[in-house]
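Engineer:
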Amino acid sequence: MSGTLYVIGTPIGNLEDITLRALRILGEVDLLLAEDTRKTGILLQRYELKVPMWSCHEFNEASRVEAVLAKLAEGQQIGLVSDAGMPLISDPGSRIVRAAREAGAEVTAIPGPTALTTALPLSGWGGEGFVFAGFAPNKSAGRKRLLEALKHEPRPVALYESTHRIRKFLKDAAEIFGERPILFARELTKKFETIQEGTAEELDAFLETHSVKGEFVVILGPWKEAKER
Ligand code: SAM
Numbered sequence: 003m004s005g006t007l008y009v010i011g012t013p014i015g016n017l018e019d020i021t022l023r024a025l026r027i028l029g030e031v032d033l034l035l036a037e038d039t040r041k042t043g044i045l046l047q048r049y050e051l052k053v054p055m056w057s058c059h060e061f062n063e064a065s066r067v068e069a070v071l072a073k074l075a076e077g078q079q080i081g082l083v084s085d086a087g088m089p090l091i092s093d094p095g096s097r098i099v100r101a102a103r104e105a106g107a108e109v110t111a112i113p114g115p116t117a118l119t120t121a122l123p124l125s126g127w128g129g130e131g132f133v134f135a136g137f138a139p140n141k142s143a144g145r146k147r148l149l150e151a152l153k154h155e156p157r158p159v160a161l162y163e164s165t166h167r168i169r170k171f172l173k174d175a176a177e178i179f180g181e182r183p184i185l186f187a188r189e190l191t192k193k194f195e196t197i198q199e200g201t202a203e204e205l206d207a208f209l210e211t212h213s214v215k216g217e218f219v220v221i222l223g224p225w226k227e228a229k230e231r
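Convert by adding 2 to the 1-based position in the sequence shown; the result is the number in this note's numbering.
(1) Among Lys73, Ile98, Ala117, which residue has its Cα nearest to the Cα of Ile91?
(2) Among Val67, Ser84, Ala121, whose alpha-carbon lies nearest the alpha-carbon of Glu104?
(3) Between the Cα of Asp93 and the Cα atoms of Gly11, Leu17, Gly128, Arg26, which residue gives the shortest distance?
(4) Using the rule of at least 16 other Cβ atoms within 10 Å of the residue's Cβ for burial, across every protein chain shown, is Gly223 buried or exposed?
(5) Check whether the region 172 to 184 and the region 197 to 210 are in contact - that is, three or more C-beta pairs closer than 8 Å.
(6) Can a CB atom of chain D be found closer than 7 Å to the CB of Glu18?
(7) Can you name, in chain order, every residue of its own chain whose Cβ lies under 7 Å from the Cβ of Leu17, other than the five neighbours on each side?
(8) Between the alpha carbons of Thr196 and Ile27, how many angstroms are there, rounded?
(9) Using three-state DSSP, classify Val67 as helix, strand or coil.
Structure, rendered in structure tokens:
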């Protein structure tokens with residue numbers, strides 16, 4: 003396999019958050035696999051780049067594998083992007099990357115932002131590791147099971163949450179976490195970026211009077227007792 007698969011990081015909101023190398027590679031690849039070609043089109047247009055694109059999302063990724071491997075075998079350079087941040091971080095791309103690796107193609111990353119590593123440093127927690135739990139389960143029972151399992155985790159835990167579920171998440175967290183500090187980072191790098199810290203109950207009360215619109219990273223602060231050990 004003489005082709006290369008580039009896993010390319012793109013902005014999580016502010017279109018200026020893209021590396022010079024990502025822009026160069028985006029302009030050089032023969033084909034770009036994009037989770038949503040319309041959204042990636044906005045980014046390409048902003049930088050006046052023209053690249054042939056194929057959609058590649060969770061529902062058609064498996065069916066793309068064979069054709070992508072054929073192009074890599076021909077020596078083509080292929081980029082992979084998601085709608086925001088790094089592909090495969092709570093985003094599609096796993097099947098393509100696994101198949102390319104197993105076929106012996108070169109797979110390399112063009113690093114860019116991720117919401118979790120943007121939010122974590124803003125909390126001031128961490129420094130000695132953290133846990134990333136992805137999206138919390140949709141249903142309350144599953145969410146509570148996850149929160150119970152994380153209850154005594156001494157490291158900070160980052161989770162992704164949506165507009166629709168953030169308050170439900172905070173209500174369950176209030177039941178299980180009580181006074182454990184939590185921070186949320188909403189709309190990072192965007193106009194309405196909001197960073198708020200408090201107990202789950204305090205954060206829910208904050209959202210009662212403020213907009214819940216947008217994308218959220220939730221950071222569960224380190225377990226209190228762990229600090230005292
Ligand atoms: N691949 C992305 C990354 O590298 O962070 C994550 C994609 S995942 C489908 C989308 C979730 O990431 C959102 O629901 C939210 O939890 C989080 N997210 C993405 N962009 C964000 C932003 N600008 N501010 C806060 N959270 C964000």
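Cβ coordinates follow ideal geometry from the N, Cα and C atoms, glycine included.
Structural biologist: Let's see:
(1) Of all alpha-carbon atoms in Lys73, Ile98, Ala117, the one lying nearest the alpha-carbon of Ile91 is that of Ala117.
(2) From the listed residues Val67, Ser84, Ala121, the smallest Cα separation to Glu104 is found for Val67.
(3) The shortest C-alpha separation from Asp93 is found at Gly11.
(4) It counts as buried.
(5) Verdict: yes, contact present.
(6) Of the protein chains in this structure there is only one, and it is not chain D.
(7) Short of 7 Å from the beta carbon of Leu17, and not among the five residues preceding or following it, lie these beta carbons of its own chain, in chain order: Leu45, Arg48.
(8) So the alpha carbons of these two residues sit roughly 32 Å apart.
(9) Helix.
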